[in-house]
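Colleague: The structure's right below; bear with me while I get my questions together.
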Amino acid sequence: MSTPPIPSAYRFPDEPDAVELRSFTHGLQPERVPHMMEQFTEDWRQHGVDAWNRVPNHWRPDADDPVGWWTLPTYLGDEFVAPLLGAPAHTCILQPSVHWTIQCLLSSPEVGARGDEVLVSETAFPSILHSAQRWSTLRDLDPHIVPPTDARRVDREALLGAIGPDTALVALSHVGFTTGACLPASFLRSVAERAQRHDALFLLDGYHAAATRPIDVTHLGCDLYVGGLLKEASGSAGNTFVYLRNGLDLTPRLTGWFGNAAPFEFRTKPHPHPDVRRRFLGGTTAVAPMYHAVEGVRLLLDLGLDAVRDHSLTLTDRAIARANALDVPLRSPRAADERSAMVLLEVPEAERLAAHLKEHHVYTDSRRNEVLRMAPFVWNTMGEIDRAFDLIGDALAAGTYRSRSVDTSGPVT
Numbered sequence: 002m003s004t005p006p007i008p009s010a011y012r013f014p015d016e017p018d019a020v021e022l023r024s025f026t027h028g029l030q031p032e033r034v035p036h037m038m039e040q041f042t043e044d045w046r047q048h049g050v051d052a053w054n055r056v057p058n059h060w061r062p063d064a065d066d067p068v069g070w071w072t073l074p075t076y077l078g079d080e081f082v083a084p085l086l087g088a089p090a091h092t093c094i095l096q097p098s099v100h101w102t103i104q105c106l107l108s109s110p111e112v113g114a115r116g117d118e119v120l121v122s123e124t125a126f127p128s129i130l131h132s133a134q135r136w137s138t139l140r141d142l143d144p145h146i147v148p149p150t151d152a153r154r155v156d157r158e159a160l161l162g163a164i165g166p167d168t169a170l171v172a173l174s175h176v177g178f179t180t181g182a183c184l185p186a187s188f189l190r191s192v193a194e195r196a197q198r199h200d201a202l203f204l205l206d207g208y209h210a211a212a213t214r215p216i217d218v219t220h221l222g223c224d225l226y227v228g229g230l231l232k233e234a235s236g237s238a239g240n241t242f243v244y245l246r247n248g249l250d251l252t253p254r255l256t257g258w259f260g261n262a263a264p265f266e267f268r269t270k271p272h273p274h275p276d277v278r279r280r281f282l283g284g285t286t287a288v289a290p291m292y293h294a295v296e297g298v299r300l301l302l303d304l305g306l307d308a309v310r311d312h313s314l315t316l317t318d319r320a321i322a323r324a325n326a327l328d329v330p331l332r333s334p335r336a337a338d339e340r341s342a343m344v345l346l347e348v349p350e351a352e353r354l355a356a357h358l359k360e361h362h363v364y365t366d367s368r369r370n371e372v373l374r375m376a377p378f379v380w381n382t383m384g385e386i387d388r389a390f391d392l393i394g395d396a397l398a399a400g401t402y403r404s405r406s407v408d409t410s411g412p413v414t
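Counting in our numbering, the sequence shown runs from 2 upward without gaps.
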């Protein structure tokens, strides 16, 4: 088993001195991705429609497991996503987006039967926050939004106190995308216990947590855990997942024909699939993204998630020390037990500073022009952290970056 950093396992931009620190937005391309995409085109060419039933097992070549396009969402969920989450077999499935998963969940009558409130922190990502607000106009599910603390963190005491007999669903982000703060397991277990006491469901959004550290969803006590492979797991877009606790029975009204019990009988009435995971599928599944979906996960599992986390803490320790030396305030936590893979620096004109760094092939981003975000990962070295902070220190000292123009040709930062 190798140890981080492992830059040779990934494909970098053409700039020989590129420092990619945006694992929280889109991971680097794993070395095997071009090979896997070639396998997709060959399976399509060679097998055509029959590929839905059987293709060679490119994901576990040494296994005898039969694989077809039809079963890929659950097969990859079992083989790769479940180990990533410490989840039991037959509880995880790939999804097209977390947004889709949330819509399926909120369309399930079993949610509304538990209460009429969706409890969500104001710090939650829009996939959850906006969805709760929009569904309130369609169903008797009112969003109960808990304001954050003055430090922009989840108000734990207020949130626990808000869980009551009217609560149908509690939805939290495992890691805050604007703070980099990771909610501790002890608090999440308290949420799970309080939700269970009031017959409410508990959902965790695992973006920025899954693939950066060991996770045990059964220990956390959540009913659902959603997340994606786009970021640190380097699975690119169109590859997210949901974990559903064993025994959880949901019948989403948005289920498509891929989630029916007997889709090729073409019955006139829907019949939910006996495997609850498949009820979270819509129409014909996009196959191509699943070919490269788990190549980054494979690398991380081979490294071991403990080693991934240790490397992350080592690099973020260095980043925090360099920020301290520059007297730059942090919005992200300093304590290791609350720290995610992200470090957020509170700097003036953060968007312009990110553009300045990009000119020097050091890739970070900003949010709301208030913070500069970076997340050193398994492909980064200590020397790259130092190079980034040398540039940041020089830029802050000179101050000229504040008057530079920013490329506004696209919305993505």
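Positions of the beta carbon are idealized from the N, C-alpha and C atoms, including for glycine.
Since this is a predicted model, take the numbers as computed values, not measurements.
1) Looking at the structure shown, is Val192 part of a helix, part of a strand, or coil, going by DSSP?
2) Under 7 Å Cβ to Cβ from Ser24, same chain only, skipping five residues before and after it: list those, please.
3) Helix, strand or coil for His100 per DSSP?
4) Just grab the DSSP bridge partners of Arg374 for me.
5) Looking only at its own chain, which residues have a Cβ that is under 7 Å from the Cβ of Gln104, when we skip the five neighbours before and after it?
6) Return the CA-CA distance between Leu452 and His145, expressed in angstroms with no decimal places.
7) To the nearest angstrom, how far is the alpha carbon of Ser122 from that of Arg332?
8) Distance, Cα to Cα, Gly394 vs Asp408?
9) Spatial neighbours of His27 within its chain, please: CB distance less than 7 Å, with the 5 preceding and 5 following residues excluded, ordered by chain position.
10) The alpha helix (DSSP H) that contains Pro148, what's its start and end?
11) For His100, which residues from the same chain have a beta carbon less than 6 Å from its beta carbon, with the 5 sequence-adjacent residues on both sides left out?
12) Can Gly239 and Pro185 be called in contact, C-beta distance under 7 Å?
13) In this structure, what does DSSP give as the bridge partners for Gln30?
14) CB-CB under 6 Å to His361, same chain, minus the five flanking residues each way: which ones, in chain order?
15) Mark Val298 as exposed unless 16 or more other C-beta atoms lie within 10 angstroms of its C-beta, in which case mark it buried.
16) Roughly how many angstroms separate the alpha carbons of Ile216 and Asn54, rounded to a whole number?
17) With a threshold of 8 Å, are at least 3 pairs of Cβ atoms found where one atom belongs to the segment 178-193 and the other to the segment 148-162?
18) Classify Thr269: buried if its beta carbon has 16 or more other beta carbons within 10 angstroms, exposed otherwise.
19) Verify whether the separation of the beta carbon atoms of Gly248 and Gly228 is less than 7 Å.
20) Could you please give me the residues that DSSP links to Pro215 through a beta bridge?
21) From Ala337 to Pro62, what distance separates their C-alpha atoms?
22) Measuring CB atoms only, is the segment 8-19 touching the segment 346-364, in the sense that at least three cross pairs come out at less than 8 Å?
23) Can you tell me which of the three DSSP states Ile94 falls into?
24) Determine the DSSP secondary structure at Thr168, reduced to helix, strand or coil.
25) Please determine if the segment 307-321 and the segment 3-11 are in contact, where contact requires at least 3 C-beta pairs separated by less than 8 Å.
26) Take the Cβ of Ser235 as the centre, count every other Cβ of all protein chains shown within 10 Å, and call the residue buried at 16 or more, exposed below.
27) What does DSSP give as the partner residue(s) for Ala186 in the beta ladder?
28) For Gln96, count the other beta carbons within 10 Å of its own beta carbon; 16 or more makes it buried, fewer makes it exposed. Which is it?
29) Would Ala201 and Arg115 qualify as a contact pair, given that the criterion is a beta-carbon distance under 7 Å?
30) Compute the Euclidean distance between the alpha carbons of Val372 and Asn381, then round it to the nearest angstrom.
31) Measure the CB-CB distance between Arg388 and Arg353 and report whether it falls below 7 Å.
32) Enumerate in chain order the residues of its own chain whose CB-to-CB distance from Arg190 is below 7 Å, with the five nearest sequence positions on each side excluded.
33) Which of the three DSSP states is assigned to Thr285 in this structure?
34) Let me know the secondary structure DSSP gives Phe25 once reduced to three states.
35) So which of Ala83, Glu43 and Tyr244 has the shortest CA-CA distance to Val277?
36) Could you tell me the alpha carbon to alpha carbon distance between Val348 and Val413, rounded to whole angstroms?
Modeller: Reading off the structure:
1) Mapped onto the sequence shown, residue 192 falls at position 191. Correct three-state label for Val192: helix.
2) The residue you call residue 24 lines up with position 23 of the sequence shown. Excluding sequence neighbours, Ser24 sits near Lys232, Glu233, Ala342, Ala376 and Phe378.
3) Numbered from its first residue, the sequence shown carries residue 100 at position 99. In the structure shown, His100 sits in a helix (DSSP, three-state: H, G or I).
4) On the sequence shown, position 373 is the one that residue 374 refers to. Paired residues: Leu345 and Asp366.
5) Against the sequence shown, residue 104 aligns to sequence position 103. Taken in chain order, the residues that qualify are Ser132 and Leu255.
6) This structure gives no information on residue 452, because the portion of the chain shown stretches from 2 to 414.
7) Working through the sequence shown from its first residue, we reach residue 122 at position 121. Working through the sequence shown from its first residue, we reach residue 332 at position 331. Cα to Cα, the separation comes out at about 18 Å.
8) Locating residue 394 in the sequence shown gives position 393, where the first residue counts as 1. Locating residue 408 in the sequence shown gives position 407, where the first residue counts as 1. Each residue's Cα considered, the two are about 22 Å apart.
9) Along the sequence shown, read from residue 1 onward, the residue named residue 27 stands at position 26. Counting only Cβ-Cβ distances below 7 Å, and skipping sequence neighbours, we find Leu231 and Lys232.
10) Locating residue 148 in the sequence shown gives position 147, counting from the first residue. From DSSP, Pro148 is part of no alpha helix (DSSP H); its letter is neither H nor E.
11) Residue mapping note: residue 100 aligns to position 99 of the sequence shown, counting from 1. Excluding residues within five positions, the ones whose Cβ falls inside 6 Å are Ser128.
12) Counting from one through the sequence shown, the residue named residue 239 turns up at place 238. Counting from one through the sequence shown, the residue named residue 185 turns up at place 184. No. Outside cutoff.
13) To locate residue 30, count along the sequence shown from 1; it is residue 29. Looking at the DSSP assignment, Gln30 forms a beta bridge with Arg12.
14) What you label residue 361 is simply residue 360 of the sequence shown in a count that begins at 1. These residues qualify, in order along the chain: Leu392.
15) Residue 298 sits at position 297 when you count from the first residue of the sequence shown. Val298 comes out buried.
16) Looking up residue 216 in the sequence shown gives position 215. Looking up residue 54 in the sequence shown gives position 53. If I take the Cα positions, the gap works out to 33 Å.
17) yes
18) Locating residue 269 in the sequence shown gives position 268, counting from the first residue. When all chains shown are included, Thr269 counts as exposed.
19) Along the sequence shown, read from residue 1 onward, the residue named residue 248 stands at position 247. Along the sequence shown, read from residue 1 onward, the residue named residue 228 stands at position 227. Cβ distance not < 7 Å, so Gly248 and Gly228 don't count as in contact.
20) The sequence position of residue 215 within the sequence shown is 214, counting from 1. Answer is none; Pro215 lacks a bridge partner.
21) Counted from its first residue, the sequence shown places residue 337 at position 336. Counted from its first residue, the sequence shown places residue 62 at position 61. So the two alpha carbons sit approximately 38 Å from each other.
22) yes
23) Reading the sequence shown from its first residue, position 93 is the one you call residue 94. Correct three-state label for Ile94: strand.
24) For the purposes of this step, residue 168 is identified with residue 167 of the sequence shown, where counting begins at 1. In the structure shown, Thr168 sits in a strand (DSSP, three-state: E or B).
25) yes
26) Against the sequence shown, residue 235 aligns to sequence position 234. By the neighbour-count rule (16 or more Cβ atoms within 10 Å), Ser235 is buried.
27) Taking the sequence shown and counting its residues from 1, one reaches residue 186 at position 185. Ala186 pairs with nothing; no bridge assigned.
28) Translated into the one-based positions of the sequence shown, residue 96 becomes position 95. Buried.
29) Along the sequence shown, one-based indexing puts residue 201 at 200. Along the sequence shown, one-based indexing puts residue 115 at 114. Yes. Within cutoff.
30) Position 371 of the sequence shown, counted from the start, is the residue given in the question as residue 372. Position 380 of the sequence shown, counted from the start, is the residue given in the question as residue 381. So the two alpha carbons sit approximately 21 Å from each other.
31) By 1-based counting over the sequence shown, the position of residue 388 is 387. By 1-based counting over the sequence shown, the position of residue 353 is 352. Taking 7 Å as the Cβ cut-off, Arg388 and Arg353 do not qualify as a contacting pair.
32) Taking the sequence shown and counting its residues from 1, one reaches residue 190 at position 189. Counting only Cβ-Cβ distances below 7 Å, and skipping sequence neighbours, we find Leu221 and Gly222.
33) The residue labelled residue 285 in the question sits at position 284 within the sequence shown. Coil, per DSSP.
34) Locating residue 25 in the sequence shown gives position 24, where the first residue counts as 1. Phe25 falls in the coil class under three-state DSSP.
35) Along the sequence shown, read from residue 1 onward, the residue named residue 277 stands at position 276. Of Ala83, Glu43 and Tyr244, the residue nearest in Cα terms is Tyr244.
36) Reading the sequence shown from its first residue, position 347 is the one you call residue 348. Reading the sequence shown from its first residue, position 412 is the one you call residue 413. Near 20 Å, if we compare the C-alpha coordinates of Val413 and Val348.
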